[in-house]
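In UniProt numbering, the protein residues as written are 1 to 441.
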Ligand code: NAP
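Written out as structure tokens, the structure reads:
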């Protein structure tokens, strides 16, 4: 049941980029929200660190006593927008234990403790919604959990980190190096002071864990997601990508994989990959996000839009708030966590993709066949080879660059091959190894 006077009591934790926009929506759209919910929302309090009169909301709504706020009798729904893992975890668990429904955008927390939070929501028979945790404004959690509930999801692949997509887009369009593009992203406010979570792929891996968990009715945590960042991508990689009709994107890929014995696995992985310019994800530029879902009956669906920012993220939070409030009014609950399948996570060594391997070699006869032999020994089939001369600053030839594109091979076979190539006398260095996604075999 919901609280007094047929109003749905709401506590918002956090008044930052997202929290302040959610508070604005609750205030500015009060009548429309009430009509959609079937009862008005009543904002009971806002949890912050700094309680002060200059924060754009009535100071009497502010409190730094989170524990008291989430256990108030007149609060039905707690909207957690504080981040990071703590104090958010403690506050959410306390809210759930007190019988409040919870809406959160906290991907870092969800990707490490989905089970704990889901269990607490289950025990209390309340809702736990988190549409905003993946790809900001873009509806992707609800389509996966509800619209596609009757279908079988095969693959979810997307660009779910705006910072890295901005950096890679700039490197591609302006031909600049990684450090320059990162500096541009910081100057424009797209990258944080410490960009590690974005550029090393941790943020994308957290989102991949959430997507894999809901798409495959299983539980995948962030540390089970294979992860590589974008810091080693060079302008030369982009030049070769362009020559191949591709660009480079940081992809989060969640896949249902059936092995040779008919056993099903979940593969969840994040890495920069070559993507053909004809693929829908290649056209996603700047800070935008997109997620492509492939399901057995539905085929391919694409979701595109703003993956971050106060207002876009608040849109997804407000959508969850309306759902949770409506359930409260009706005395019902939305769908709970579904993890009946409990598929094991496929080790990265067994994941099969195509590869691009770029290496600097001595420019002399027989090198190509020596290199090709290492691929053949490990049954990594070569689809295409390109070779070009490399000169020093004075224009004198100093070697050659060989780029090999493979057919599908396992990561283990490819890693072995690369290690062997690096040991060859004729190979000066293996400059780059990238996967190739979104192409035919
Ligand atoms: P933010 O601007 O840093 O705001 C955080 C808010 O939480 C601040 O108002 C802060 O209070 C409050 N807070 C932090 N620690 C607290 C504590 N111990 N006790 C009380 N209040 C505390 O963060 P944000 O960008 O809005 O992000 C909020 C959440 O949304 C995070 O989980 C984030 O991952 C997620 N998210 C954000 C975006 C985005 O584009 N920003 C997109 C998707 C998801 P003070 O103001 O008093 O310091």
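Cβ coordinates follow ideal geometry from the N, Cα and C atoms, glycine included.
(request) Count the other C-beta atoms from every protein chain shown that fall within 10 angstroms of the C-beta of residue 340, then say buried if there are 16 or more, exposed otherwise. (result) Label assigned to residue 340: exposed.
(message) Given this structure, state the Cα-to-Cα distance separating residue 60 from residue 136, to the nearest angstrom.
(response) Our two residues, residue 60 and residue 136, have alpha carbons roughly 30 Å apart in a direct line.
(message) Assuming contact is defined by CB atoms lying nearer than 8 Å, are residue 256 and residue 225 in contact in what I supplied?
(response) For the pair residue 256 and residue 225, the CB atoms are not nearer than the 8 Å cut-off.
(request) Round the Cβ separation of residue 249 and residue 159 to the nearest angstrom and send it over; I've been treating them as touching at under 8 Å. (result) Indeed, because the Cβ distance is near 6 Å, the residues count as touching under 8 Å.
(message) Measuring straight from C-alpha to C-alpha, what distance separates residue 264 and residue 214?
(response) The C-alpha of residue 214 is placed about 16 Å away from the C-alpha of residue 264.
(message) With a threshold of 8 Å between beta-carbons, can residue 237 be considered close to chain C, or not?
(response) In the structure shown, chain C does not exist; there is a single protein chain.
(request) Can you grab the Cα-Cα spacing for the pair residue 84 / residue 245, in whole Å? (result) Across the structure, residue 84 and residue 245 are spaced so that their CA atoms are roughly 40 Å apart.
(request) Within the same chain, show all residues whose beta-carbon is closer than 7 Å to that of residue 399, passing over the 5 residues directly before and after it, in chain order. (result) When the five nearest sequence neighbours on each side are left out, the beta carbons in the same chain lying within less than 7 Å of the beta carbon of residue 399 are those of 360, 361, 362, 363, 390 and 428, in order along the chain.
(request) At 3 residues or longer, and completely inside the segment 289-342: list those beta strand (DSSP E) runs for me, N to C. (result) Taking 3 residues as the minimum length, the beta strand (DSSP E) runs contained wholly in the segment 289-342 are 299-306, in order along the chain.
(message) By alpha-carbon positions, which one of 243, 322 and 222 ends up nearest to residue 276?
(response) Of 243, 322 and 222, the residue nearest in Cα terms is 243.
(message) Taking only three categories from DSSP, how would you classify residue 356?
(response) Of the three classes helix, strand and coil, the one that applies to residue 356 here is strand, per DSSP.
(message) Only counting the same chain, and skipping five residues up and downstream in sequence, which positions put a Cβ closer than 6 Å to that of residue 110?
(response) Only 130, 133 and 210 meet the Cβ criterion.
(message) Quick check on the DSSP output: the alpha helix (DSSP H) that includes residue 453 runs from which residue to which?
(response) The structure shown does not extend to residue 453, since the chain is modelled only from 1 through 441, so no value can be given for it.
(request) Could you give the DSSP three-state label for residue 13: helix, strand or coil? (result) In the three-state scheme derived from DSSP, where H, G and I count as helix and E and B as strand, residue 13 is classed as strand.
(request) Pull up the DSSP beta-bridge partners for residue 436, would you. (result) Partner(s): 274 and 354.
(message) Less than 8 Å between the C-beta atoms of residue 317 and residue 22, yes or no?
(response) Going by C-beta atoms, residue 317 is nearer than 8 Å to residue 22.
(request) Please say whether residue 405 and residue 383 have beta carbons closer to each other than 8 Å? (result) The Cβ-Cβ distance between residue 383 and residue 405 falls below 8 Å.
(message) Given 7 Å as the limit, tell me if residue 45 has its C-beta closer than that to any heavy atom belonging to ligand 1.
(response) Checking the Cβ of residue 45 against ligand 1 gives no.
(request) Can you give me the Cβ contacts of residue 45 inside the same chain, cut-off strictly under 6 Å, excluding the 5 residues immediately before and after it? (result) Counting only residues of its own chain and dropping the five nearest sequence neighbours on each side, residue 45 has a CB closer than 6 Å to the CB of 11, 61, 63 and 69.
(request) Evaluate contact between the segment 182-192 and the segment 145-161, counting only Cβ atoms and requiring at least three cross-stretch pairs below 8 Å. (result) Counting C-beta pairs with one atom in each stretch, the segment 182-192 and the segment 145-161 have fewer than three that are closer than 8 Å, which means they do not touch.
(message) Considering Cα atoms alone, identify which of 124, 434, 116 and 181 is closest to residue 286.
(response) For residue 286, the closest C-alpha among the options 124, 434, 116 and 181 is that of 181.
(request) Mind listing, in chain order, the continuous beta strand (DSSP E) runs of no fewer than 3 residues lying wholly within the segment 147-235? (result) For the segment 147-235, whole beta strand (DSSP E) runs of length 3 or above, ordered along the chain, are 153-159.
(message) Quick check on residue 393: buried or exposed, where buried means 16 or more other Cβ atoms within 10 Å of its Cβ?
(response) Burial check for residue 393: the Cβ neighbour count within 10 Å stays below 16, so the residue is exposed.
(request) Could you tell me which uninterrupted alpha helix (DSSP H) segments, each at least 4 residues in length, are contained entirely in the segment 365-426, listed from first to last along the chain? (result) Under the rule that a run must span 4 or more residues, the alpha helix (DSSP H) segments found entirely inside the segment 365-426 read 367-377 and 411-423.
(request) Would you check if the segment 69-78 and the segment 321-336 touch, i.e. whether three or more CB-CB distances between them fall below 8 Å? (result) Touching, yes.
(request) Return yes when at least one heavy atom of ligand 1 lies under 7 Å from the C-beta of residue 139, else no. (result) With a threshold of 7 Å, the Cβ atom of residue 139 does not count as near ligand 1, since no heavy atom of the ligand is closer than that.
(request) Compute the Euclidean distance between the alpha carbons of residue 1 and residue 122, then round it to the nearest angstrom. (result) Note on residue 1: pLDDT 49, under 50, position unreliable in the model; no value is reported.
(message) Just to confirm before moving on: does the CB-CB distance between residue 417 and residue 385 stay below 8 Å?
(response) No, the pair does not count as a contact, with Cβ atoms beyond the cut-off.
(message) Given a cut-off of 8 Å on the beta-carbon distance, is the pair residue 368 and residue 387 in contact?
(response) Against a cut-off of 8 Å, the Cβ pair of residue 387 and residue 368 comes out as a contact.
(request) Answer with buried or exposed for residue 237, where buried requires no fewer than 16 other C-beta atoms within 10 angstroms of its C-beta. (result) By the beta-carbon neighbour count (other beta carbons within 10 angstroms, threshold 16), residue 237 is buried.
(request) Please work out which residues of its chain come closer than 7 Å, Cβ to Cβ, to residue 217, disregarding the five sequence neighbours upstream and downstream, and give them in chain order. (result) The answer, listed in chain order, is 338, 339, 340 and 341.
(request) For residue 7, write down the residues that DSSP places opposite it in a beta bridge. (result) Partner(s): none; residue 7 has no beta bridge.
(request) Consult DSSP for residue 249 and reduce its assignment to one of helix, strand or coil. (result) If DSSP states are grouped into helix, strand and coil, residue 249 belongs with the strands.
(request) Determine the contact status of residue 473 and residue 353, defining contact as a CB-CB distance below 8 Å. (result) The requested residue 473 does not occur in the structure, where the chain is confined to residues 1 to 441.
(message) One question on the structure: do residue 289 and residue 310 come within less than 8 Å of each other, judged by their Cβ atoms?
(response) No; because the gap between Cβ atoms is not below 8 Å, this pair is not in contact.
(request) Go ahead and label residue 86 buried or exposed: buried means 16 or more other beta carbons lie within 10 angstroms of its beta carbon, across all protein chains shown. (result) Residue burial annotation: residue 86 is exposed, with fewer than 16 other C-beta atoms found within 10 angstroms of its C-beta.
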